[in-house]
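Colleague: Would you mind keeping the following structure in view while I ask a few things?
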Amino acid sequence: MVKFSKQLEAQLIPEWKDAFVNYWQLKKHVKKVKLSRISKLSQATTTSNHDYGLSMFDPLRSFFRPRLTLSCNATDDDQPPQILQVKNTLSEEADQVEDEDEDDETELVDHLYSEEEEVKVFFEKLDEELDKVNQFYSNKESEFLERGEMLNKQLQILLDLQQVLDSRRRSTSGRLNSSSRSFSSSDSCVLTPHLAATLTRQTDDVISALEKNGINLVGSAKTKKAGGKQMGGMRIDIPATTPTRTITAVTSMLWEDLVNNPKKEAGGAAEFLNRKKLQCAEKMIRGAFVELYRGLGLLKTYSSLNMVAFVKILKKFDKVSHQQSSTTYLKVVKRSHFISSDKVVRLMDEVESSFTKHFAKDDRKKAMKFLRPRQQKDSHMVTFFVGLFTGSFVTLFAVYAILAHISGMFSPGTETDYVETVYPVFSMFALLSLHMFMYGCNLFLWKATRINYNFIFEFQAATALKYRDAFLICTCMMTAVVSAMVLHLILVSNRFSPTQVDTIPGILLLIFIGLLVCPLNMFYRPTRYYFLRVIRNIVFSPLYKVLMVDFFMADQLTSQIPLLRHMESTACYFLAGNFKTHEYQTCKSGKLYRELAYVISFAPYYWRAMQCARRWFDECDVNHLANLGKYVSAMVAAGARLTYARQETHLWLVIVLVTSLIATIYQLYWDFVKDWGLLDPKSKNLWLRDELVLKKRGFYYVAIALNFVLRVAWVETVLQFKVGLFESRLLEFCLASLEVIRRGHWNYYRLENEHLNNVGRFRAVKTVPLPFRETDSDG
């Protein structure tokens, strides 16, 4: 049977961990009570043995003495019983409502004496934990209630504005429904005076209804002015997270024109944009309702887990102290605010009802798919195929190594064509598979250490990849790649035409591209499409609002520059038709090739720098400008190393050393201090940080040393080892693999630091921006 402490640790909300009952500390206090009782019993036993001497009945005496001792102490009239009081100030109102006859100061434990200091300390700590839970619950409850009230207000505004827009659309189409105060016109879309008056009255009714709720629409006929200043207004504030939304936000004046001039004929682009704007507002409000419901569910879980924790710890105390204090104290706990309040449950019911009515067309089953998305269940088939493909990959790779040795494919003088044509394709897939493997390891470690990566990346729980899925993709990809390598090597060894044989890597590449963009709901389609959207956001990073997953993925690309270089070589080899003539030199020489090398080496750093610029523009935080400088220094160092590879002069060697050293120091500082939050001289953990997820501090020191060593791998480009072609390509692949491993290692600590920041702010629910905001502007 699993201990409750393990169950609590597995089920509690990680971001609210510090707000839960400190069950583990209370267990230590219970243990102290137990040791104190044992100590007193042993003293009593020693005194008894001294009085009676040794006897054959000593074992029986020691068995019955604890009960006799407790009985004697309980009937001792010399010392009056000590009554422990509960400082339950938060539950006073609930106590008065539920049981007005009971007093807040409740007697918890009978027959406990003032000299039992451990018992007093235990109940004092228990009172502190109860107050802490009540305070946190009250704060979160107030926050969610306020959010719910604001959302209801936003929803009502949305419904009223949709009514205005629908009325305008029906008016221009010439149809009037008498039940909804609409009108019909048989010959034209031009409003007659009567119809215009009808529409004006309807629009004014809606605006009046909004004003009754304290909302004044910007520039409307009902807007009140005083002293030439507009007292208040309401705008649709659609955040410019995408280029489309940026354009939509710029067209805000068109919406205001619709509200300001209800008599004006509407249609065309203005009506289309206003409808799109309302659709964006509806989507934002729907997402806010989903997050509110999720937060209420977490708060409900918080309440139930803490209640069980109080029950369990009091039962442990009763067992140790041989008292029956749990029943009395639990009455106080049950009257506490975090248990007695039903506001959260009622608000959850209201959210379900509103969401079902307005966003699911009264289909509760459909609404629950949004409000309570089901998580994927772990499948044994996934584990089976991971093992199957792993075994297949290992076997095929061993076969490939044996065949390559027998055929002498990599012997000096014979490996040039094979390495230059096949190596870029297969190494590209190998690096991608290695990165996927490291990501699977990250997912496994994040889950094992309770890091809420789905919340940090804003993944959907129903479609998010799990570590077994990542391993399945990795092993499946590597099995397919090694199979193609074995087939290619067999055909080459049997003197097949290079034109025919070299199509195998190309076909493999086309298969993987086809699977990536396949529209069928198979092979993790939500994940594939989400990946494509993230890549789109990165490439056009200045135009998109930067989310956590966007710059996290962009950081991965900075470690995959060799892979991008191989993609460029592969694309040139196949698109230029060189595989037909087997002339790989075309893609390895020329001015265009040299320029593309610079572009590809700069691109990931440029994208990341543009993301920093956009974040600085959105958040006005100078740290993003400092981060931008890090990527600019990396671009300069990468350019210097590329130039030195072509011009091995002493001047360029000095430039490479200086720029690479500056960039490395910059990157190491940012890794350790900003991204990982380590190297804090004031931390209680030497040169680390105060809060650590891993229990052993040695892991962090090893991580710092490993990251430092792998960051200086650029020294190899300066040393210029003189080896053969195959050895040089193998060395390049090993260095690229080490960088991928360093990035996977960096990923864990980067997300750990982000998770601890969320824990410090008790942030377990995403705050969705709302579309309608009040404004105060000059007239």
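First residue of the sequence shown: 620, per the working numbering; consecutive thereafter.
Quick reminder that beta carbons are idealized off the backbone N, C-alpha and C, glycines included.
1) Count the other C-beta atoms from every protein chain shown that fall within 10 angstroms of the C-beta of lysine 1210, then say buried if there are 16 or more, exposed otherwise.
2) Would you call the stretch 1060-1067 in contact with the stretch 1212-1228, where contact means no fewer than 3 C-beta pairs closer than 8 Å?
3) Residue range of the alpha helix (DSSP H) that methionine 1172 falls in?
4) Within a Cβ cutoff of 7 Å, which residues of the same chain sit near arginine 993, ignoring the five residues on either side of it in sequence?
5) For the stretch 1253-1284, which segments carrying the alpha helix (DSSP H) assignment without a break, of at least 4 residues, lie completely within its bounds, in sequence order?
6) Alpha carbon to alpha carbon, how far is glutamine 775 from proline 1390? Give it in angstroms, no decimals.
7) Can you find the residues in the same chain that come closer than 8 Å, C-beta to C-beta, to isoleucine 1157, ignoring five residues on each side of it along the sequence?
8) Within 10 angstroms of the Cβ of glutamate 1335, are there 16 or more other Cβ atoms? Answer buried if so, exposed if not.
9) Exposed or buried, what is methionine 1141 when buried is set at 16 or more other beta-carbons lying within 10 Å of its beta-carbon?
10) Where leucine 924 and lysine 935 are concerned, what is the direct C-alpha to C-alpha distance, given to the nearest angstrom?
11) Would you decide whether glutamine 630 is buried or exposed? Buried here means 16 or more other CB atoms lie within 10 Å of its CB.
12) Who are the Cβ neighbours of valine 963 in its own chain at under 8 Å, not counting the five residues just before and after it?
13) Quick one: Cα of glycine 1037 to Cα of leucine 911, how far?
14) Using 10 angstroms around the beta-carbon of threonine 1098, count the other beta-carbons present and answer buried if the total reaches 16, otherwise exposed.
15) DSSP three-state call for phenylalanine 1078: helix, strand or coil?
16) What is the rounded straight-line gap between the Cα of methionine 1047 and the Cα of leucine 1182?
17) Measuring alpha carbon to alpha carbon, tell me which residue in Pro1124, Pro1138, Lys1164 is nearest serine 1188.
18) Using 8 Å for Cβ pairs, my map puts methionine 987 next to proline 1388. What's the rounded Cβ distance?
19) Distance, Cα to Cα, glutamate 1373 vs aspartate 1121?
20) Regarding methionine 1097 and the ligand ADP, is the C-beta to nearest heavy atom distance less than 7 Å?
21) Whose C-beta lies closer than 7 Å to the C-beta of isoleucine 1385 among residues of the same chain, with five residues either side of it excluded?
22) Do you know whose CA, among Ala928, Ala1103, Arg954, lies nearest valine 640's CA?
23) Output needed for glycine 1059: all residues of its chain with C-beta closer than 7 Å, excluding positions within five of it in sequence on either side, in chain order.
24) So the alpha helix (DSSP H) aspartate 1487 belongs to, where does it begin and stop?
25) Taking 7 Å as the limit between beta carbons, can you name the residues of its chain near aspartate 1237, skipping five residues before and five after?
26) Does DSSP put arginine 894 in a helix, in a strand, or in coil?
27) Write down every uninterrupted run of the beta strand (DSSP E) in the stretch 919-985 whose length is 3 residues or greater and which is fully enclosed by it, in chain order.
28) Ordered along the chain, which non-local residues of its own chain (more than five positions away) have a Cβ less than 6 Å from that of leucine 1375?
29) Would you identify the three-state DSSP class for arginine 991, choosing helix, strand or coil?
30) If we ignore side chains and look at the alpha-carbon of each, how far apart do alanine 979 and valine 930 end up?
31) Would you call the CB atoms of asparagine 1326 and histidine 1364 closer than 8 Å?
32) So, for serine 1160: in the same chain, excluding its five sequence neighbours on each side, which residues have a beta-carbon less than 6 Å away from its beta-carbon?
33) Going by C-alpha distance, which of Glu1358, Phe1063, Phe1221 is nearest leucine 1370?
34) From which residue to which residue does the alpha helix (DSSP H) around tryptophan 635 run?
35) Please list the terminal residues of the continuous alpha helix (DSSP H) segment that includes serine 1116.
36) Taking only three categories from DSSP, how would you classify phenylalanine 1391?
Modeller: Taking the coordinates as given:
1) By 1-based counting over the sequence shown, the position of residue 1210 is 591. Label assigned to lysine 1210: exposed.
2) no
3) In the sequence shown, counting from the first residue as 1, residue 1172 sits at position 553. Residues 1167-1177.
4) Counted from its first residue, the sequence shown places residue 993 at position 374. Result list for arginine 993: Ala1081, in chain order.
5) none
6) For the purposes of this step, residue 1390 is identified with residue 771 of the sequence shown, where counting begins at 1. For the purposes of this step, residue 775 is identified with residue 156 of the sequence shown, where counting begins at 1. One C-alpha to the other measures close to 12 Å.
7) Reading the sequence shown from its first residue, position 538 is the one you call residue 1157. Excluding positions up to five away in sequence, the list reads Asp1169, Met1172, Ala1173, Leu1176, Trp1226, Gln1230.
8) Mapped onto the sequence shown, residue 1335 falls at position 716. Classification of glutamate 1335: exposed, given that the 10 Å Cβ count is below 16.
9) Residue numbering aside, residue 1141 sits at position 522 when the sequence shown is read from its first letter. Under this definition methionine 1141 is an exposed residue.
10) In the sequence shown, residue 924 corresponds to position 305, counting from 1. In the sequence shown, residue 935 corresponds to position 316, counting from 1. So the alpha carbons of these two residues sit roughly 17 Å apart.
11) Mapped onto the sequence shown, residue 630 falls at position 11. Counting Cβ neighbours within 10 Å, glutamine 630 comes out exposed, since fewer than 16 surround it.
12) One-based indexing of the sequence shown puts residue 963 at position 344. So the list reads Glu760, Phe763, Leu915, Leu918, Lys919, Ser922, once near-sequence residues are dropped.
13) Here residue 1037 is taken as the residue at index 418 of the sequence shown, counted from 1. Here residue 911 is taken as the residue at index 292 of the sequence shown, counted from 1. In the sequence under discussion, the amino acid at residue 1037 is tyrosine, which differs from the glycine named in the question. Spanning the two alpha carbons is a distance of roughly 59 Å.
14) Counting from 1 along the sequence shown, the entry for residue 1098 is found at position 479. Buried.
15) Counted from its first residue, the sequence shown places residue 1078 at position 459. It is coil, neither helix nor strand.
16) Residue mapping note: residue 1047 aligns to position 428 of the sequence shown, counting from 1. Residue mapping note: residue 1182 aligns to position 563 of the sequence shown, counting from 1. Cα to Cα, methionine 1047 sits roughly 5 Å from leucine 1182.
17) Here the question's residue 1188 lines up with position 569 in the sequence shown. Per the Cα distances, Pro1124.
18) Locating residue 987 in the sequence shown gives position 368, counting from the first residue. Locating residue 1388 in the sequence shown gives position 769, counting from the first residue. Contact flag wrong, Cβ pair sits at about 25 Å.
19) Locating residue 1373 in the sequence shown gives position 754, counting from the first residue. Locating residue 1121 in the sequence shown gives position 502, counting from the first residue. So the two alpha carbons sit approximately 46 Å from each other.
20) Among the components modelled here there is no ligand, and therefore nothing to report on the ligand ADP.
21) The residue labelled residue 1385 in the question sits at position 766 within the sequence shown. The question names isoleucine, but residue 1385 is lysine in the sequence shown. Answer for lysine 1385: Glu910, Glu1077, listed in chain order.
22) Locating residue 640 in the sequence shown gives position 21, counting from the first residue. For the residues Ala928, Ala1103, Arg954, the minimum Cα distance to valine 640 belongs to Ala928.
23) Here residue 1059 corresponds to residue number 440 of the sequence shown, with the count starting at 1. Tyr1086, Ala1089, Phe1090, Cys1093.
24) In this structure the chain extends from 620 to 1398, so residue 1487 is not present and cannot be described.
25) If you number the sequence shown from 1, residue 1237 lands on position 618. Excluding positions up to five away in sequence, the list reads Lys1164.
26) To locate residue 894, count along the sequence shown from 1; it is residue 275. Arginine 894: helix per DSSP, three-state reduction.
27) none
28) Walking along the sequence shown from the start, residue 1375 turns up at place 756. Glu1310.
29) Counted from its first residue, the sequence shown places residue 991 at position 372. The answer is coil: DSSP assigns arginine 991 none of H, G, I, E or B.
30) What you label residue 979 is simply residue 360 of the sequence shown in a count that begins at 1. What you label residue 930 is simply residue 311 of the sequence shown in a count that begins at 1. Each residue's alpha carbon lies about 40 Å from the other.
31) Reading the sequence shown from its first residue, position 707 is the one you call residue 1326. Reading the sequence shown from its first residue, position 745 is the one you call residue 1364. Contact: yes.
32) By one-based count along the sequence shown, residue 1160 stands at place 541. Correct list, in chain order: Trp1226, Met1229, Gln1230.
33) Stepping through the sequence shown from its first residue, residue 1370 is reached at position 751. Per the Cα distances, Phe1063.
34) In the sequence shown, counting from the first residue as 1, residue 635 sits at position 16. First-last for tryptophan 635: undefined, no H or E at that position.
35) Numbered from 1 along the sequence shown, position 497 holds the residue referred to as residue 1116. Premise fails: serine 1116 is in no alpha helix (DSSP H) and is neither H nor E.
36) Sequence index remark: in the sequence shown, residue 1391 carries index 772 (1-based). Of the three classes helix, strand and coil, the one that applies to phenylalanine 1391 here is strand, per DSSP.
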